[in-house]
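Protein chains: 2
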Amino acid sequence: MKRPALLIIDMQNDFVREGKPLRVAGSGKVIPKIQAVLAEFRSRSLPVFHILRVHRPDGSDVEIIRQELFRRQPFAVAGTSGAAIIHELAPLEGEYILTKTRMSAFIGTELGLMLGNLGVTNLVVCGIQTPNCIRTTVFDGIAYNYPVVLVDDATGAASEEVHQANIRDMENIGVKIVTAADLAGILDAR
Amino acid sequence: MKRPALLIIDMQNDFVREGKPLRVAGSGKVIPKIQAVLAEFRSRSLPVFHILRVHRPDGSDVEIIRQELFRRQPFAVAGTSGAAIIHELAPLEGEYILTKTRMSAFIGTELGLMLGNLGVTNLVVCGIQTPNCIRTTVFDGIAYNYPVVLVDDATGAASEEVHQANIRDMENIGVKIVTAADLAGILDAR
Numbered sequence: 001m002k003r004p005a006l007l008i009i010d011m012q013n014d015f016v017r018e019g020k021p022l023r024v025a026g027s028g029k030v031i032p033k034i035q036a037v038l039a040e041f042r043s044r045s046l047p048v049f050h051i052l053r054v055h056r057p058d059g060s061d062v063e064i065i066r067q068e069l070f071r072r073q074p075f076a077v078a079g080t081s082g083a084a085i086i087h088e089l090a091p092l093e094g095e096y097i098l099t100k101t102r103m104s105a106f107i108g109t110e111l112g113l114m115l116g117n118l119g120v121t122n123l124v125v126c127g128i129q130t131p132n133c134i135r136t137t138v139f140d141g142i143a144y145n146y147p148v149v150l151v152d153d154a155t156g157a158a159s160e161e162v163h164q165a166n167i168r169d170m171e172n173i174g175v176k177i178v179t180a181a182d183l184a185g186i187l188d189a190r
Numbered sequence: 191m192k193r194p195a196l197l198i199i200d201m202q203n204d205f206v207r208e209g210k211p212l213r214v215a216g217s218g219k220v221i222p223k224i225q226a227v228l229a230e231f232r233s234r235s236l237p238v239f240h241i242l243r244v245h246r247p248d249g250s251d252v253e254i255i256r257q258e259l260f261r262r263q264p265f266a267v268a269g270t271s272g273a274a275i276i277h278e279l280a281p282l283e284g285e286y287i288l289t290k291t292r293m294s295a296f297i298g299t300e301l302g303l304m305l306g307n308l309g310v311t312n313l314v315v316c317g318i319q320t321p322n323c324i325r326t327t328v329f330d331g332i333a334y335n336y337p338v339v340l341v342d343d344a345t346g347a348a349s350e351e352v353h354q355a356n357i358r359d360m361e362n363i364g365v366k367i368v369t370a371a372d373l374a375g376i377l378d379a380r
């Protein structure tokens, strides 16, 4: 790959930690896999984006389907520990933090502009959760002409069945599905 | 519903007719259901969008994942009968025809602008195929704050299993899943 960028999506306390109301069941087991993926990008000094859902406390930027939920139980509120990246994946200096208010990391964000600025040629995606923020970002990446690699075991959903059904659909449109262990070889392939 | 618009997606000869290389297996059985949905919108003089994939003959507007396929086997080429809407769903005067080059009807099109112009408050979606053009359009509709109704039996995919897995994911984010027979009551609900 010429110049891949890593997108780590929504690995925030409100979506990962035990006991949080919006916890994604499959989020815990992916942490060590994302750490391995991140280490490969860091060792090659390739661009890393930590992509986070962050909302204003008044909920004015929450999508229509979640406004009622947000009123009852605010989540990923700017400035709270719930909105923070989990400490296991803390960003290093030089890595990009990008906040979003929708599922796709391309909607209402500077992601597309920054990928252009940085000369990125390929996207590697991981995080949570597979049918929503992961899949919308992957499909938008394809729409904007970036070949996408999805790291299967570094991506989690509410259930394994939902995860697998979405992996199949992404594979069907030409997304490359790999494991964290495969990644070094893929990054080094020319 | 205050002012719903109907989006009929990709019901073109190249994707529907027997023997066409890119035919979607589930496209035939949805035709009478889409006719029923269309009749409900027409009888109420509500906005109807016929949304079509249309490509330039040189393929310069084809997404990265399909460029090789398009070179081998061009599809939905502007001006060909393959790109035309199937005759069973021929547009009437006053209905909108909108062409796209990506899966989502919101990417690179005037759809978002026109929905605003027309004062549309809700989207009703049908056509082909469920995991790709349907789902990306539905998720983008939600992202842009339109409550979405998906007409299950007027929407088709390559297999029933893929269709159902995608219906479940859409229902999980708050998309209203209905049948063509339900639609009159839903359109008239205040």
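Keeping their order, the protein sequence lines are chains A and B. All residue numbers for the first sequence refer to my numbering, where the first residue is 1 and numbers rise by one. All residue numbers for the second sequence refer to my numbering, where the first residue is 191 and numbers rise by one. Built from N, CA and C at the ideal position, the CB exists for glycine as well. Quick caveat: nothing in here was measured; it's all calculated off a predicted structure.
Simplified DSSP state of residue i, which is helix, strand or coil
i, result
"K366(B)", "strand"
"D61(A)", "coil"
"N335(B)", "coil"
"A195(B)", "strand"
"R243(B)", "strand"
"L305(B)", "helix"
"L22(A)", "coil"
"T345(B)", "strand"
"Q257(B)", "helix"
"K290(B)", "strand"
Local Cβ density within 10 Å of residue i, reported as buried at 16 or more and exposed below that
i, result
"N224(A)", "Given that chain A is displayed from residue 1 to residue 190, the structure contains no residue 224(A) and the question cannot be resolved."
"I134(A)", "buried"
"L92(A)", "exposed"
"I97(A)", "exposed"
"D188(A)", "exposed"
"G317(B)", "buried"
"A371(B)", "exposed"
"R102(A)", "buried"
Beta-carbon proximity check, residue i vs residue j, cutoff 8 angstroms
i, j, result
"Y334(B)", "G302(B)", "yes"
"F15(A)", "L22(A)", "yes"
"Q129(A)", "G19(A)", "no"
"F239(B)", "I198(B)", "yes"
"V156(A)", "K29(A)", "The sequence given here places Gly at residue 156(A); Val does not occur at that position. In contact: G156(A) and K29(A) (Cβ atoms closer than 8 angstroms)."
"K290(B)", "R243(B)", "yes"
"N132(A)", "I363(B)", "yes"
"V162(A)", "V124(A)", "no"
"L228(B)", "L259(B)", "no"
"T311(B)", "M191(B)", "yes"
"P237(B)", "A268(B)", "no"
"S104(A)", "N13(A)", "no"
"F106(A)", "D153(A)", "no"
"E40(A)", "L183(A)", "yes"
Along the stretch 315 to 340 of chain B, what residues have a CB closer than 7 angstroms to any CB found in chain A? P321, N322, T326, F329, I332, A333, N335 and P337
Measuring CB atoms only, is the stretch 323 to 342 of chain B touching the stretch 55 to 67 of chain A, in the sense that at least three cross pairs come out at less than 8 angstroms? yes
Would you say the stretch 262 to 269 of chain B touches the stretch 218 to 236 of chain B, given that touching needs at least three Cβ pairs under 8 angstroms? no
Please list the residues of the stretch 45 to 65 of chain A that have a C-beta atom closer than 8 angstroms to any C-beta atom in chain B, keeping them in chain order. Near chain B, meaning a CB-to-CB distance below 8 angstroms, the residues of the stretch 45 to 65 of chain A are E63, I64 and I65.
Residues, ordered as in the chain, of the stretch 171 to 182 of chain A that lie near chain B by beta-carbon distance below 9 angstroms: Listed by position along the chain: N172, I173, G174 and V175.
Chain A contacts from the stretch 262 to 294 of chain B (Cβ-Cβ distance under 8 angstroms): Hits within the stretch, in order: R292, M293 and S294.
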